[in-house]
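Worksheet: the structure to be examined is printed underneath.
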Amino acid sequence: MQIQSMHFRARARKALADEKLQSVMQRFGSGFVEKRAAARAELGVELFETLRTVGADIRDRSLASLDVWLRRFEEEAGRRGATVLWAEDGAEVRKLVLEIAARHGLKKAIKSKSMVSEEAGLNEALEANGVTPIETDLGEYIIQLAKEPPSHIIAPAIHKDLQQVSDLFMKHHQRPRLEDIGELTREARLMLREHFLSADLGISGGNFLIAETGSVAIVTNEGNGRMVTTLPKVHVAITGIEKVIPTLEDFASLMRILPRSATGQAISNYVSLLTGPRAATDRDGAEHMYFILVDGGRTELVGSDMQEMLRCIRCGACMNHCPVYQTVGGHAYGWVYPGPMGSVLTPVYNGIENALDLPQAATLCGACHVACPVKIPLPELLRKLREKQMQAKLRPWSERAGLRAWAFAARRPRLYALLTRIAARAMKLMGGAKGSISRLPLGSGWTLGREMPAPEGRTFRELYAARRRRGA
Amino acid sequence: MRVGLFVTCLVDLMRPRIGFAALKLLEHAGCEVIVPPTQTCCGQPGWNCGERGSARALAEKLIGEFETCDYLVAPSGSCAGMIKTHYQDLFEGEGAWLARVDALAAKTYELTDFLVNVAHVEQVPGAFSGRITYHDSCSGLRELGVKAQPRTLLARMPGVQLEEMKDCEVCCGFGGTFSVKFGEISAAMAQTKCANVAATGAEAVVLGDLGCMLNIEGRLRRRGDAHTRVLHVAEVLAAEG
Chain A
1 MQIQSMHFRA
11 RARKALADEK
21 LQSVMQRFGS
31 GFVEKRAAAR
41 AELGVELFET
51 LRTVGADIRD
61 RSLASLDVWL
71 RRFEEEAGRR
81 GATVLWAEDG
91 AEVRKLVLEI
101 AARHGLKKAI
111 KSKSMVSEEA
121 GLNEALEANG
131 VTPIETDLGE
141 YIIQLAKEPP
151 SHIIAPAIHK
161 DLQQVSDLFM
171 KHHQRPRLED
181 IGELTREARL
191 MLREHFLSAD
201 LGISGGNFLI
211 AETGSVAIVT
221 NEGNGRMVTT
231 LPKVHVAITG
241 IEKVIPTLED
251 FASLMRILPR
261 SATGQAISNY
271 VSLLTGPRAA
281 TDRDGAEHMY
291 FILVDGGRTE
301 LVGSDMQEML
311 RCIRCGACMN
321 HCPVYQTVGG
331 HAYGWVYPGP
341 MGSVLTPVYN
351 GIENALDLPQ
361 AATLCGACHV
371 ACPVKIPLPE
381 LLRKLREKQM
391 QAKLRPWSER
401 AGLRAWAFAA
411 RRPRLYALLT
421 RIAARAMKLM
431 GGAKGSISRL
441 PLGSGWTLGR
451 EMPAPEGRTF
461 RELYAARRRR
471 GA
Chain B
1 MRVGLFVTCL
11 VDLMRPRIGF
21 AALKLLEHAG
31 CEVIVPPTQT
41 CCGQPGWNCG
51 ERGSARALAE
61 KLIGEFETCD
71 YLVAPSGSCA
81 GMIKTHYQDL
91 FEGEGAWLAR
101 VDALAAKTYE
111 LTDFLVNVAH
121 VEQVPGAFSG
131 RITYHDSCSG
141 LRELGVKAQP
151 RTLLARMPGV
161 QLEEMKDCEV
171 CCGFGGTFSV
181 KFGEISAAMA
191 QTKCANVAAT
201 GAEAVVLGDL
211 GCMLNIEGRL
221 RRRGDAHTRV
231 LHVAEVLAAE
241 G
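Sequences listed follow chains A and B, in order. Be aware that the first sequence starts at 1, since it is given in our numbering, and climbs by one per residue. Be aware that the second sequence starts at 1, since it is given in our numbering, and climbs by one per residue.
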């Protein structure tokens with residue numbers, strides 16, 4: 001997918017001015033947060049927090065021997081008749097899928113959600129090469145009709161309201177306009193049914209890869225994942241190499257925390273474990289099963305100071321709890337992954353120079369860190385990226401100069417006292433009778449949408465010194 | 001016990017009265033309060049912006065100023081959080097410094113946390129009456145676990161009626177330099193906070209950090225709300241009737 005993250009500022013501004021989006025975001029706002037909180041309370045806060053620690057440990061253990069578990073996965077999957085292919089980047093993913101399509105003469109692909117295929121821009125490549133891709137996750141289906149990228153990793157069409165979906169369906173389905181969610185869903189199901197039955201290629205993502213059995217785990221709520229992986233002749237599962245975990249027991253532990261963190265469900269409607277293609281005794285399943293395991297910048301993180309990011313199990317809790325994401329929506333971030341995890345992944349996978357705003361566009365409030373089911377220290381990773389920007393001289397000279405000037409003065413108490421006395425008096429004057437400043441010369445970003453309350457006029461240190469002199 | 005009061009750079013410049021309120025509360029709790037006269041800034045701006053050198057220089061200065069006190073107390077969760085949870089990072093691998101950092105971190109407290117959990121105060125000196133709502137500042141809440149402490153103290157004031165707002169734990173949009181770099185997003189977040197404050201019908205929003213205070217007050221005033229007061233919890237607890 002073409003990266004647009006360098007335009008974050010403009011895209012965020014557009015999102016803030018978009019009244020429809022703002023009202024959708026406001027309504028969605030607390031939904032996932034409340035559901036997660038309820039699921040956490042129901043399970044018991046203490047157990048939930050223990051599971052977060054367990055989750056982080058499992059992911060760290062997997063990543064510590066990533067090469068070992070990937071080799072084991074390849075062996076086990078191969079032993080059960082699946083083919084494991086490796087892709088360095090998105091271009092290789094596209095090439096491999098097209099080769100598979102050509103080898104088996106495949107013409108129509110049904111897809112269940114795969115963010116890695118978004119990374120690779122797979123749909124465009126399929127279309128350009130005579131394979132029709134149909135997204136079958138309802139949200140993905142909606143945004144495919146709208147020709148838009150997802151704005152949330154588990155709720156890709158969260159930015160669309162009912163009216164917009166009604167319009168889209170009427171236009172593309174050529175049927176009377178519907179305004180009832182149930183009816184709209186039934187219509188989508190009707191349309192998709194024909195595709196499910198006629199497709200010869202099924203493309204899925206993968207929530208986890210289980211090394212000891214060579215299986216892929218797919219966690220969904222709509223059942224489309226089962227159709228995609230079992231009806232067509234060929235199934236291709238595309239996922240990142242970091243998704244591997246050692247055992248089924250690890251999978252069971254992670255499943256206690258994944259749906260609860262994502263949608264607030266104790267368990268998702270469907271949990272599928274797919275192991276090898278259809279065997280002679282099986283009644284259904286794909287005849288050919290392929291895995292495409294994608295690097296796409298992930299190995300760069302292994303052993304680095306950003307490795308914790310690879311723990312991510314793609315639940316979306318960080319963006320659900322992020323007040324910046326809630327304010328600007330997912331499209332502002334300009335690539336596949338939005339919110340806090342996106343603000344880390346986008347620069348580390350695409351080069352920090354291509355997403356300079358993202359690590360800065362955070363208040364470091366920590367809501368993502370405490371919500372993360374695998375305890376990724378997202379604010380600290382964002383801060384580290386800021387440090388890397390600074391070291392690579394990618395920040396405006398004025399910012400570095402300002403910070404250094406501040407530190408220079410703050411290290412010299414006498415100079416600092418003088419400057420703050422002047423500032424306190426000047427700002428008080430600027431505030432006038434109103435007691436607040438409406439335009440700050442060096443802080444127009446602040447005064448654009450707020451007053452700057454005026455200071456009292458004298459600094460604490462001078463008042464305190466005066467009081468001491470009076471002997472109070 | 002000798003308590004070093006770190007007033008913080010924002011209180012020093014913008015709201016000295018909060019520094020004096022903190023002083024009054026600590027003295028009332030029976031502490032011998034030291035105010036190191038050379039204190040300035042904890043280094044958080046440099047740290048958050050990735051300018052490690054600036055943060056490190058100011059951290060060294062602050063450690064020297066406060067390490068002889070029994071405790072360091074700040075009327076700010078964000079500055080106390082900087083010292084308590086981030087200073088270690090600035091001195092990674094430097095044994096001698098780390099020992100000093102760890103010693104200081106262990107005795108550093110946010111004001112209300114100190115009053116409740118160290119000084120065990122039973123009474124607060126102020127008298128305040130009115131309907132308030134409390135905004136939980138991010139660093140205090142999530143880095144230091146400051147949540148019940150201010151409420152416990154406010155509950156000791158018979159005139160205070162606390163009305164919790166929706167999303168009291170959600171960031172107000174300040175975020176240090178974020179508020180200037182992304183002023184529009186920041187102001188939109190502040191607006192959400194102000195709407196939640198207004199919905200409680202409280203006459204004052206009370207909080208524990210200057211950044212949030214300036215942000216919320218600035219947005220309220222810009223929106224034409226001249227009467228909702230924005231108060232630091234120290235001001236309320238030490239209020240003169």
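Backbone N, C-alpha and C define an ideal beta-carbon position, used for all residues, glycine too. Source: prediction; values computed, not measured.
Asked: Short CB-CB distance (under 8 Å) between Trp-406 of chain A and chain B; Found: yes
Asked: Short Cβ contact (8 Å threshold) for Pro-16 of chain B with Phe-8 of chain A; Found: no
Asked: Below-8 Å beta-carbon distance, Met-390 of chain A vs any chain B residue; Found: yes
Asked: Counted within 10 angstroms of its Cβ, other Cβ atoms place Thr-136 of chain A as buried (16 or more) or exposed; Found: buried
Asked: Straight-line gap, Asp-89 of chain B to Gly-145 of chain B (C-alpha atoms, nearest Å); Found: 20 Å
Asked: Minimum Cβ-Cβ distance from Pro-45 of chain B to chain A less than 8 Å; Found: yes
Asked: CB contact below 8 Å: Leu-358 of chain A versus chain B; Found: no
Asked: Secondary structure of His-173 of chain A, DSSP reduced to three states; Found: helix
Asked: Proximal residues of chain B, C-beta to C-beta of Trp-446 of chain A below 7 Å; Found: Ser-179, Val-180, Gly-183
Asked: Cβ-based neighbour list, Met-427 of chain A, same chain, cut-off 7 Å, excluding 5 preceding and 5 following; Found: Ile-437, Ala-454, Pro-455
Asked: Any 3 or more C-beta pairs closer than 8 Å across the region 298 to 306 of chain A and the region 114 to 132 of chain A; Found: no
Asked: Nearest-angstrom Cβ-Cβ length linking Tyr-349 of chain A and Gly-297 of chain A, presumed shorter than 8 Å; Found: 4 Å
Asked: Segment contact flag, the region 360 to 371 of chain A with the region 400 to 415 of chain A, C-beta cutoff 8 Å, min 3 pairs; Found: no
Asked: Anticipated Cβ contact below 8 Å, Gly-4 of chain B with Phe-66 of chain B, distance rounded; Found: 4 Å
Asked: Cross-chain neighbours of Glu-217 of chain B in chain A, by beta carbon under 7 Å; Found: Pro-453
Asked: Completely contained alpha helix (DSSP H) runs for the region 80 to 104 of chain A, where each covers 4 or more residues; Found: 90 to 104
Asked: Anticipated Cβ contact below 8 Å, Gly-126 of chain B with Val-236 of chain B, distance rounded; Found: 6 Å
Asked: Span separating the alpha-carbon of Gln-163 of chain A from that of Thr-132 of chain A; Found: 27 Å
Asked: Boundaries (first-last residue) of the alpha helix (DSSP H) holding Thr-420 of chain A; Found: 413 to 431
Asked: Neighbour list for Ala-13 of chain B in chain A, Cβ cutoff strictly below 7 Å; Found: Looking at the sequence shown, residue 13 of chain B is not Ala but Leu. Here the neighbours are Thr-420, Ala-423, Ala-424, Pro-455, Thr-459.
Asked: Cβ contact (3+ pairs, closer than 8 Å) linking the region 372 to 387 of chain A and the region 64 to 80 of chain A; Found: no
Asked: Proximal chain A residues relative to Leu-210 of chain B, where beta-carbon distance stays under 8 Å; Found: Those do not exist, as Leu-210 of chain B stays about 10 Å from chain A at its closest Cβ, beyond 8 Å.
Asked: Helix, strand or coil at Gly-206 of chain A according to DSSP, with G and I counted as helix; Found: coil
Asked: Cβ-Cβ distance between Ile-216 of chain B and Val-205 of chain B below 8 Å; Found: yes
Asked: Glu-143 of chain B at chain C interface by Cβ criterion, 8 Å; Found: No chain C appears in the structure shown, which is made up of the protein chains A and B.
Asked: Cβ-based burial, Trp-397 of chain A [other Cβ within 10 Å; buried from 16]; Found: exposed
Asked: C-beta neighbour in chain B for Tyr-416 of chain A, strict 8 Å; Found: yes
Asked: N- and C-terminal bounds of the beta strand (DSSP E) containing Gln-161 of chain B; Found: 160 to 162
Asked: Leu-463 of chain A at chain B interface by Cβ criterion, 8 Å; Found: yes
Asked: Every unbroken alpha helix (DSSP H) inside the region 98 to 146 of chain B [4 residues or more]; Found: 111 to 117, 138 to 144
Asked: CA nearest to the CA of Arg-2 of chain B, picked from B:Tyr-134, B:Leu-72, B:Lys-84; Found: B:Leu-72
Asked: Leu-231 of chain A in three-state terms, based on DSSP; Found: coil
Asked: Residues in the region 57 to 87 of chain B having any Cβ partner in chain A nearer than 7 Å; Found: Ala-57, Leu-58, Lys-61
Asked: Separation of Cys-168 of chain B from Ser-261 of chain A, as counted between CA atoms; Found: 21 Å
Asked: Residues in the region 321 to 334 of chain A having any Cβ partner in chain B nearer than 7 Å; Found: Pro-323, Val-324, Thr-327, Val-328
Asked: Beta-carbon gap between Ala-238 of chain B and Leu-25 of chain B smaller than 8 Å; Found: yes
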